[in-house]
Amino acid sequence: MQEIDSTQLIYAVDLTGTFVFAVSGWLIASKKELDFFGASVIAFITAVGGGTLRDVLIGSQPVGWMADLNYLVAILAGIVAAIFFKRLFEKLRKTMFLFDSIGIGLFTILGLEKTLSFGLSPVVAIMMGTISAVFGGVLRDTLVNEIPLIFRKEIYATVCLSGGILYWLMGILEVNADLQIILTIIYIISFRILSVVNNWSFRAIK
Amino acid sequence: MQEIDSTQLIYAVDLTGTFVFAVSGWLIASKKELDFFGASVIAFITAVGGGTLRDVLIGSQPVGWMADLNYLVAILAGIVAAIFFKRLFEKLRKTMFLFDSIGIGLFTILGLEKTLSFGLSPVVAIMMGTISAVFGGVLRDTLVNEIPLIFRKEIYATVCLSGGILYWLMGILEVNADLQIILTIIYIISFRILSVVNNWSFRAIK
Amino acid sequence: MQEIDSTQLIYAVDLTGTFVFAVSGWLIASKKELDFFGASVIAFITAVGGGTLRDVLIGSQPVGWMADLNYLVAILAGIVAAIFFKRLFEKLRKTMFLFDSIGIGLFTILGLEKTLSFGLSPVVAIMMGTISAVFGGVLRDTLVNEIPLIFRKEIYATVCLSGGILYWLMGILEVNADLQIILTIIYIISFRILSVVNNWSFRAIK
Chain R
1 MQEIDSTQLI
11 YAVDLTGTFV
21 FAVSGWLIAS
31 KKELDFFGAS
41 VIAFITAVGG
51 GTLRDVLIGS
61 QPVGWMADLN
71 YLVAILAGIV
81 AAIFFKRLFE
91 KLRKTMFLFD
101 SIGIGLFTIL
111 GLEKTLSFGL
121 SPVVAIMMGT
131 ISAVFGGVLR
141 DTLVNEIPLI
151 FRKEIYATVC
161 LSGGILYWLM
171 GILEVNADLQ
181 IILTIIYIIS
191 FRILSVVNNW
201 SFRAIK
Chain U
1001 MQEIDSTQLI
1011 YAVDLTGTFV
1021 FAVSGWLIAS
1031 KKELDFFGAS
1041 VIAFITAVGG
1051 GTLRDVLIGS
1061 QPVGWMADLN
1071 YLVAILAGIV
1081 AAIFFKRLFE
1091 KLRKTMFLFD
1101 SIGIGLFTIL
1111 GLEKTLSFGL
1121 SPVVAIMMGT
1131 ISAVFGGVLR
1141 DTLVNEIPLI
1151 FRKEIYATVC
1161 LSGGILYWLM
1171 GILEVNADLQ
1181 IILTIIYIIS
1191 FRILSVVNNW
1201 SFRAIK
Chain A
2001 MQEIDSTQLI
2011 YAVDLTGTFV
2021 FAVSGWLIAS
2031 KKELDFFGAS
2041 VIAFITAVGG
2051 GTLRDVLIGS
2061 QPVGWMADLN
2071 YLVAILAGIV
2081 AAIFFKRLFE
2091 KLRKTMFLFD
2101 SIGIGLFTIL
2111 GLEKTLSFGL
2121 SPVVAIMMGT
2131 ISAVFGGVLR
2141 DTLVNEIPLI
2151 FRKEIYATVC
2161 LSGGILYWLM
2171 GILEVNADLQ
2181 IILTIIYIIS
2191 FRILSVVNNW
2201 SFRAIK
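Residue numbers (my numbering), protein chains in the order written: chain R, 1 to 206; chain U, 1001 to 1206; chain A, 2001 to 2206.
Shown next as C-alpha cells:
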C-alpha cells in the first residue's frame, strides 16, 4: 500500500488509519453479543476489508496486507488498545473522529493511486479509492446484521468520492504531490466535521 | 463482456440489461430507509455484482465493468431514470419484467461463454452463467438485510440454470450461434412468464 | 486442493469434509424458509466458501473446486444425502460432529499449506488455513440473515487457529509429515469435543 511514498509519513499514517479502523471495529462489535474472538475478527475486517476488495477487483493478489505484516501488527495493537482503553476511547470521541477522518482520507488517496497504477480510468480509480475507505465499515455492519450505516444516514462515502475527485483534479492541474495529499485530507476532515456539526445527510427516499 | 459479439445487438442488450438491473436495484432500495447515495450503491451492485463475482472466481481481473466505461454510463442512466420516472417504471411492471428476463438470459449466456473461454468445464460454465445473472440480486437483498429473494420464493435461478443447459446442449448439437442465443432467451422469457402466471415455486422445506 | 498428497487418504478426507459441510449446510438451511434450490445453494456455499475466499485472496484462480469436478460431486452427494436421510443425520449428531471436526482439521491444514506454497508468511498461512475451515459457515449464517455463529458462541475458530499453529510448529520441528497431519487432526477433534462437553466459550463482551 506504499504506492505513493513521497514520504515515510504516509506509510505511518496508513498504519495509523489501520489501527484506528481496528479500534472502531472492535468498539462497535463489542456492543453486539460477540465473544472476544468475534469482535477481533470484526476489527480485522473493518481495517482491511476495503483494501482487500479493491485489490481483488483490480487483480492485485496476494492482497496488500498479506505482503506486509506491519498491517497485522497495527490491527493487533488496535484490538489490544480497544480492550484496555475502551472507556478512554469512548471519551476521546473527537480525537478518534479526527484519526478516522485522516484514515479515510489516506485510504481514499492510496486506493485511487493504486488503481491508476493498474492502468484503469480515473472514474474507476475514484470509485476504488472510495471502496478502500468505506467497504470495511460496510462489511462490519453487514456481519453484525445491520443495514450498513453508510446506506442509511451518513454522507460518509460522499466525502470520499468528492475528496477523490478533488485529489484527481489537483493531479491534472499538476499541484505538488505533498500539497495534493495534505489539501485532500484537510478537505475530507473539514467536510466530515461540517456534516456532523450541521447534521447533514441525504433524506431517505420516500 | 463482449465475448460473443456475433452482433452488436448483443452488446446493446447487455448494456440494456445492466440499465434494467440498475433501475430495479434502485427501486427496491428506495423502499428501504436508504438515502440517495445508498440506493445508488445498491443499484450499482445489483447491476454488476453477478459479473464481478464470476470474473473474480475465474480470475478475469480487472473485472469486466472496470475496463469499459459504458457499463458505468448504463448504470448511471438507470439511476437517473429510476429517480425521474419512478412511477412510470412501477406502472410498466410488465415491460420491466420483459427487459429483466432478457437481461438475465443474456447475462447467463455471456457468463457461460466467458467461463468456457477460460478453459473451464461446461458444468462450471453453467454455474458461472447463473451466478452472472442472479448474484447481483443476492447481494442487493443481503445488503438491505433480507434473506435473498432467490433463496425463498422464486425459481429465478432454475430458469437460468436450465437456460444455461439448453444453450450448452444447442452448442453441442452445433445449432447456429444466433439461433442458439435467440432460442435460449425465448426459453428463459417463456419459463419466467409461465412461472409467474402459474405461481410456480418450490415448496419451502418443512 | 491436493497440495499435500502424501497419501490418497487426504484427498479422500478432503472430499469427505466437503460432503459433510454440504450436509450440515443443507440441514441448517432447511430450518429456514428456503426452497429446495435455496437450501442447495447454501449447502454449496457452506462447502466451498472457505476455500474460495482463500484462493481469491492469495490469487489462485480459477478457484480450487472449479478445476476438479469431484468437489461438485461430493456436494451433490451431500445434498442428496441430506434430503433422503435428514432424520438419520439428526440422530447421528455425534458422528456428524466427528466428521465435521475432521473436515475443519483437514481444511485448516490444506489451506495453510496452499498459502505457504504461494510464498506467504506463516502468520498469514495460519489465518488462511482458519478461513478455509470456517468461512463457509460464516457465509451460510450471513446469507440466512443471522449474526454468524462463529462470532457469537463457539470457539470454533480458536480450534482452527491453534491447530494451525500446532501444525506449523511441528513443521519447524521437522516432525514426519503424516504424523504432523494426524496429530493436528487429533488435537482439533479433542479440543472441539472438550469445548462442547465443558461448554467452553468466550464470554460475550459487556
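Beta carbons are placed, not taken as given, at the ideal position from N, Cα and C, and that holds for glycine.
Computed from a predicted structure; not experimentally measured.
Between the CA atoms of residue j and residue i - distance to the nearest angstrom
i	j	result
U/Gly1105	R/Arg140	34 Å
R/Ile79	A/Leu2161	17 Å
U/Lys1032	U/Ala1077	21 Å
A/Gly2129	A/Thr2108	4 Å
A/Ala2082	A/Ile2075	10 Å
R/Lys94	R/Ile193	10 Å
A/Tyr2144	U/Ile1042	According to the sequence displayed, residue 2144 of chain A carries Val and not Tyr. Cα to Cα, the separation comes out at about 19 Å.
A/Leu2169	A/Ser2132	19 Å
U/Ile1189	U/Leu1183	10 Å
R/Gly119	R/Ile185	24 Å
U/Phe1191	U/Phe1084	31 Å
U/Tyr1011	U/Ala1067	14 Å
A/Met2127	A/Val2138	15 Å
R/Val123	R/Val175	19 Å
R/Leu15	U/Leu1015	40 Å
U/Gln1008	A/Gln2008	50 Å
Residue i (DSSP reduced to helix, strand or coil)
i	result
A/Asp2014	helix
U/Asp1068	coil
A/Asp2005	Annotation note: pLDDT 48 at A/Asp2005 (below 50); position unreliable, coordinate value reported separately. Coil at A/Asp2005, not helix or strand.
U/Leu1194	helix
Residues near residue i in its chain [Cβ-Cβ closer than 6 Å; skip 5 each side]
i	result
U/Tyr1187	Gly1163 and Leu1166
R/Ala125	Leu112, Thr115 and Leu116
A/Ser2030	Ala2039
Contacting residues, own chain, Cβ-Cβ under 7 Å from residue i (five flanking each side not counted)
i	result
A/Gly2171	Gln2180
R/Gly17	Ile102, Gly103, Leu106 and Phe107
U/Val1013	Ile1102 and Leu1106
A/Ile2053	A quick correction: the sequence has Leu, not Ile, at residue 2053 of chain A. Correct list, in chain order: Ile2131 and Phe2135.
8 Å CB neighbourhood of residue i in its chain, flanking five on each side removed
i	result
U/Met1096	Val1020, Val1023, Ser1024 and Phe1089
U/Val1134	Gly1050, Ile1104, Ile1150, Tyr1156, Ala1157 and Cys1160
R/Leu72	Trp65
A/Val2197	none
Cβ separation of residue i and residue j, assumed to be a contact under 8 Å, to the nearest whole Å
i	j	result
R/Leu27	R/Lys86	7 Å
R/Leu69	A/Ser2121	6 Å
Chain-ordered neighbours of residue i on chain D, where CB pairs are closer than 9 Å
i	result
U/Ile1058	Absence of chain D from the displayed structure is noted, the protein chains being R, U and A.
Subject >> Segment contact, 8 Å Cβ cut-off, at least three pairs: the stretch 59-73 of chain R with the stretch 2042-2062 of chain A >> reply: These segments touch.
Original post:
Using 8 Å as the threshold, is the stretch 112-120 of chain R in touch with the stretch 18-37 of chain R, meaning 3 or more CB pairs across them?
Top reply: Contact between the stretch 112-120 of chain R and the stretch 18-37 of chain R is absent, with fewer than three C-beta pairs closer than 8 Å.
Original post:
Pairing CB atoms from the stretch 1090-1100 of chain U with CB atoms from the stretch 1040-1052 of chain U, are three or more of them under 8 Å?
Top reply: Contact between the stretch 1090-1100 of chain U and the stretch 1040-1052 of chain U is absent, because fewer than three Cβ pairs lie under 8 Å.
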